[in-house]
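Numbering follows the numbering used here, in which position 194 of the sequence shown is assigned residue number 225; successive positions increment by one, without gaps.
Heads up, the beta-carbon is just placed ideally off N, CA and C, and yes, glycines get one too.
All of these numbers come straight from a predicted model, not from anything done at the bench.
Single-structure report; data block below.
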Amino acid sequence: MTVPAVRAVRPPAGPAGPAGGAGRARRRGGRWGVHVFLLAVSLAFLAPLLLAVYASLRPYEETARDGYFSLPGRLSFDYYRQAFTDSGMGRYFLNTLVIAVPGVLITLFLASFTAFAVARLRLRGSMLLLMVFTAGNLLPQQVIVTPLYVLFTKVPLPYWMSESLTLYDSLWAVLAVQVAFQLGFCVFVLANFMRTLPPEILEAAIVDGAGVWTRYRHVTLPLCRPALAALGTLQFTWMYNDFLWGLVFLSDGDKLPVTSALNNLRGQFFTDYNLLAAGSVLVALPTIIVFLLLQRHFIAGLTLGANKG
């Protein structure tokens, strides 16, 4: 008795076959393309900063002779020491921190409390209030420079708050403007974030007898920590880098923010751009440090809600 030969049947091409291999190759090629694109964009954004750091480490005579895109003959940190001492940058740093740190804290407190009232309390006209805060961000700041200047020269302050006896020419003026202009954006972001919080948490707090302040301070704020960290990073960067309001509302040169210190490094007839680059890097360091310290919370705040259905 003979056994008939069994012919092997070739399985259809599936995920593990040639078609699946080709699909994986295309996906791998797509990922490589995305990585190359992201790397190119990152280098394009970092190129000016890297060039400034490179120029700040070289003598001006060398770059004037060989160009900025030449190999260095000597690298040193002399320009950083000179930029810090010649511009009086320490005093300007202190002025900026006096404005930026309280400004961020006041803005986040007022914005979080307002957003809590708009998003979590059943207030009549809460949506209209949110629209008003949002519409304030659409107003160009330069439009109200002159009205604010006239107003601040007429607002009286005691001598211990302002040597000019008015709001003008005091750090209070810059602080007030920074808080006012940044408040709307923070209210808008926090109100929309608080709407995504589970309502059962606040309902349970109400059942336990928690008041408005307890629900805000001990229930809502801990859940908003990533969003507050992300907003705090952005607000500090914006307030720290601001140049317009200090220039408009401060006439005393000793009260100007750190961004104005770079102007002290420019000579009347000659400007050492390598020295100016070193000063620019020093001015940018605090914002970089703040971002590195809050990087994890900042990214978490930006990606919140990305995976919600």
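A residue is called buried once 16 or more other Cβ atoms fall within 10 Å of its Cβ, and residue 185, having fewer, is exposed.
In the DSSP annotation of this structure, the continuous segment of the alpha helix (DSSP H) that includes residue 93 starts and ends at 91-97.
Linking residue 193 to residue 261 through their CA atoms gives a straight-line distance of about 33 angstroms.
Contact check for residue 255 against residue 216 fails: the beta carbons are separated by 8 angstroms or more. Counting of Cβ neighbours within 10 angstroms places residue 64 among the exposed residues, the total staying below 16.
The Cβ atoms of residue 130 and residue 67 do not sit closer than 8 angstroms to each other. Judged by beta-carbon spacing, residue 87 lies within the 8 angstroms limit of residue 305, meaning their Cβ atoms are closer than that value. Between the C-alpha atoms of residue 328 and residue 96 there is a straight-line separation of about 46 angstroms.
Residue 109 and residue 283 have their C-alpha atoms roughly 30 angstroms apart. Bridge pairing for residue 197: 187 [DSSP]. For the options 210, 101 and 189, the alpha carbon positioned closest to that of residue 172 is the one of 210. Contact fails between the region 159-179 and the region 228-235, because fewer than three Cβ pairs, one in each stretch, are under 8 angstroms apart.
Burial state of residue 189 is exposed, judged by a 10 Å Cβ sphere holding fewer than 16 other Cβ atoms. Taking every protein chain shown into account, the CB of residue 270 has 16 or more other CB atoms within 10 angstroms, so this residue is buried.
If the five residues before and after residue 267 are omitted, its C-beta is found closer than 6 angstroms to the C-beta atoms of 131, 135 and 321, all from its own chain and listed in chain order. At a Cβ-Cβ threshold of 8 angstroms, residue 83 and residue 291 do not count as neighbours. The beta-carbon distance between residue 162 and residue 313, rounded to whole angstroms, is 42 angstroms. This is too long to meet the 8 angstroms contact definition. Nearest neighbour of residue 263 by Cα position, chosen from 73, 139 and 107, turns out to be 139. Here residue 85 is not near residue 288, since their CB atoms are 8 angstroms or more apart. With 16 or more other Cβ atoms from the protein chains shown falling within 10 Å of its own Cβ, residue 246 counts as buried. By the neighbour-count criterion, in which a residue is buried when 16 or more other Cβ atoms sit within 10 angstroms of its Cβ, residue 191 is exposed. Of the other Cβ atoms in all chains shown, 16 or more fall within 10 Å of the Cβ of residue 114; this residue is therefore buried. Within a 10 Å sphere around the beta-carbon of residue 126 sit 16 or more other beta-carbons, which makes this residue buried. Taking a contact as a CB-CB distance under 8 angstroms, the pair residue 281 and residue 296 does not count as one, their CB atoms being some 19 angstroms apart. With a cutoff of 8 angstroms on beta-carbon distance, residue 112 and residue 103 are scored as not near each other. Residue burial is scored here from C-beta neighbours: residue 149 has at least 16 other C-beta atoms within 10 angstroms and is therefore classed as buried.
Rounded to the nearest whole angstrom, the C-alpha separation of residue 155 and residue 240 is 23 angstroms. Residue 111: member of the alpha helix (DSSP H) spanning 109-117, first to last residue. With a 10 Å radius around the Cβ and a threshold of 16 neighbouring Cβ atoms, residue 143 comes out buried.
Restricting attention to 57, 325, 243 and 213, the CA atom closest to the CA of residue 137 is found in 213.
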